[in-house]
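Quick note on full-length UniProt numbering: the sequence shown kicks off at 1 and runs consecutively.
Glycine included, C-beta positions come from ideal geometry on N, C-alpha and C.
If you're wondering where the values come from, they're calculated on a predicted model, not measured in any experiment.
Please read the structure below before turning to the comments.
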Amino acid sequence: MAFYEECDYLFKAVLIGDSAVGKSNLISRFCRDEFRLDSKPTIGVEFAYRNVKIGDKLVKAQIWDTAGQERYKAITSSYYRGALGALLVYDITRRVTFSNLKKWLQELRHFGESELVIVLVGNKSDLGHNREVTEEEGQEVAEREGLCFMETSALENLKVEDAFLQMIMQIYEISSKRLL
Ligand code: GDP
Numbered sequence: 001m002a003f004y005e006e007c008d009y010l011f012k013a014v015l016i017g018d019s020a021v022g023k024s025n026l027i028s029r030f031c032r033d034e035f036r037l038d039s040k041p042t043i044g045v046e047f048a049y050r051n052v053k054i055g056d057k058l059v060k061a062q063i064w065d066t067a068g069q070e071r072y073k074a075i076t077s078s079y080y081r082g083a084l085g086a087l088l089v090y091d092i093t094r095r096v097t098f099s100n101l102k103k104w105l106q107e108l109r110h111f112g113e114s115e116l117v118i119v120l121v122g123n124k125s126d127l128g129h130n131r132e133v134t135e136e137e138g139q140e141v142a143e144r145e146g147l148c149f150m151e152t153s154a155l156e157n158l159k160v161e162d163a164f165l166q167m168i169m170q171i172y173e174i175s176s177k178r179l180l
């Protein structure tokens with residue numbers, strides 16, 4: 001069976017946010033149930049897949065990782081092209097990654113699709129003792145910007161599944177309505 005016939009829907013989603021907030025590890029956790037302690041070996045866009053069953057439909061989420069491009073301020077518009085969802089990630093232990101959310105949101109809204117589903121993710125919740133951003137602050141930004149919000153730990157596998165599934169379910173709802 002051809003690749004595209006194996007599922008009922010195929011969506012592209014991207015991860016975005018400052019370097020080292022845990023984007024790659026969130027993807028590895030969600031798509032392969034792995035966590036990597038090493039840093040990324042290569043620079044360049046990579047993606048992974050995960051199939052999700054919604055009712056009797058099989059949804060294939062194609063999840064793109066910046067794979068370090070953000071370090072060089074060189075995320076191209078093609079990264080965002082066709083993406084229906086985004087996890088916008090910051091690190092709860094580094095306030096600068098939270099302050100930079102504004103910039104990432106502007107970029108997402110500039111390059112992203114008009115109905116882009118964005119879930120705000122405060123990662124590294126296992127490091128609560130080093131916290132620089134409270135959960136309430138994350139929630140406030142999410143409410144102000146009309147986003148879903150979740151704190152996750154890729155290391156301890158806390159709420160990672162929930163964050164991706166929130167995004168995938170919302171994309172599915174929007175897309176399936178559009179096809180009716
Ligand atoms: P990226 O640059 O945003 O893709 O970040 P990475 O996934 O490469 O992670 C950057 C660093 O943060 C690595 O050293 C990871 O081991 C670490 N890291 C990622 N997620 C977590 C987490 O949930 N908790 C903790 N404690 N460390 C994490």
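Handout entry: Contiguous beta strand (DSSP E) assignments of at least 3 residues, all confined to the stretch 108 to 177
Key = 117 to 123, 148 to 151
Handout entry: For Asp8 and Ser176, the rounded distance between their alpha carbons
Key = Reading the sequence shown from its first residue, position 176 is the one you call residue 176. Reading the sequence shown from its first residue, position 8 is the one you call residue 8. Looking at the two C-alpha atoms, the distance is approximately 10 Å.
Practice task
Check whether the stretch 85 to 92 touches the stretch 48 to 57, counting contact only when three or more Cβ pairs, one atom from each stretch, lie closer than 8 Å.
Solution key: no
Exercise for the section: Check whether the Cβ of Glu156 sits closer than 8 Å to any heavy atom of the ligand GDP, and report yes or no. Expected result: Taking the first residue of the sequence shown as 1, we reach residue 156 at position 156. Because some heavy atom of the ligand GDP lies under 8 Å away, the Cβ of Glu156 counts as near it: yes.
Practice task
Could you tell me the distance, in whole angstroms, from the CA atom of Tyr49 to the CA atom of Ile27?
Solution key: The residue given as residue 49 occupies position 49 in the sequence shown. The residue given as residue 27 occupies position 27 in the sequence shown. So the two alpha carbons sit approximately 9 Å from each other.
Practice task
Please go through the stretch 56 to 106 and give each complete beta strand (DSSP E) segment of 3 or more residues, from N-terminal end onward.
Solution key: 57 to 65, 85 to 91
Handout entry: Contact set for Ala2: own chain, Cβ-Cβ below 6 Å, skip 5 residues either direction
Key = Along the sequence shown, one-based indexing puts residue 2 at 2. Note that Ala2 scores 48 on pLDDT, short of 50, meaning its location in the model is unreliable; the coordinates nonetheless yield the value given after this. Here the set comprises nothing.
Practice task
Indicate the three-state DSSP secondary structure (helix, strand or coil) for Phe35 in the structure shown.
Solution key: Counting from 1 along the sequence shown, the entry for residue 35 is found at position 35. The answer is coil: DSSP assigns Phe35 none of H, G, I, E or B.
Exercise for the section: Provide the residue span of the beta strand (DSSP E) that contains Glu46, from first to last. Expected result: Numbered from its first residue, the sequence shown carries residue 46 at position 46. From DSSP, the beta strand (DSSP E) with Glu46 extends over 46 to 54.
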